[in-house]
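Converting from the sequence shown to the numbering used here requires adding 148 to each position, the first position being numbered 1. Note sheet for the following structure.
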Amino acid sequence: MTDKDKITEDEKTPAAETEIDAGGDAPAEDMGDAPEPTEGEPIGSEPIEGAPAESETFQAEAPVEPSLEDRLAETNDQLLRALAELENTRRRADRDRAEALKYGAASFARDMLGVADNLQRALSAVADIESETLPDGAKSLLEGIAATERDLLASLGRHKVTPVTPMGEKFDPNVHEAMFEAPGTGQPAGTIIEVVETGYVMDERLLRPAKVGIAKDG
């Protein structure tokens, strides 16, 4: 090898070493910028900004147990409601029983009204006949009919069934049934001038309205 060749190799050697040093030092500088993980800390464990903490999430999901006082208050409220409903049921039963006792005979009493009507018609048919002109048998018959009517009305009265005789009163559609209107009666319009059929009430309940005739225009 000549001296000229040695000089050429010496000039190439520093350049190659420089390239090796440059290639090896660059990664070392980049690694030095990254923070080294602390011992025992997992990589990527830094909390994300805005994310809820683990303890807060657990507290939000955990059910809230009611206190003993709250449970006692709720039980007491349920008991009061049950007692109130029981009392209402008892009152309704008492009211239904009272109405059954009061109006249980309403259907039977309504049927008896037809008997009272027939007795009244029989007496009205001979009301204008002088009793002295009737034979003794007819007199006894009329007396028996009158006595039967009195007893029947008395029996109905003991069950609080009373007649409605609204002669001369103002017409009331709640308890009266108009059968006709008569003009020129001299009475104020709507005044009852005739009772065609007697009405009856049982206590405060209407069994049958009174059938009446009323004045039309006074």
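Ideal placement from N, C-alpha and C gives every residue a C-beta, glycine not left out.
{"query": "Proximity to Arg353 [Cα-Cα], best of Asp225, Asp242, Ala253, Asp365", "result": "Ala253"}
{"query": "Burial state of Gly292, where buried means 16 or more other Cβ atoms lie within 10 Å", "result": "exposed"}
{"query": "Three-state class that DSSP yields for Leu282 in the structure shown", "result": "coil"}
{"query": "Distance between Asp320 and Val312 (C-alpha atoms, nearest Å)", "result": "12 Å"}
{"query": "Cβ-based burial, Arg356 [other Cβ within 10 Å; buried from 16]", "result": "buried"}
{"query": "Pair within 8 Å by beta-carbon distance, Val309 and Tyr251", "result": "no"}
{"query": "Whole-angstrom distance between Asp351 and Val344, CA atom to CA atom", "result": "23 Å"}
{"query": "8 Å CB neighbourhood of Pro314 in its chain, flanking five on each side removed", "result": "Asp320, Val323, His324, Ile340, Val343, Gly347, Ala358, Val360"}
{"query": "Residues bridged to Glu325 (per DSSP)", "result": "Lys359"}
{"query": "Test item: CB-CB of Thr237 and Leu267 under 8 Å", "result": "no"}
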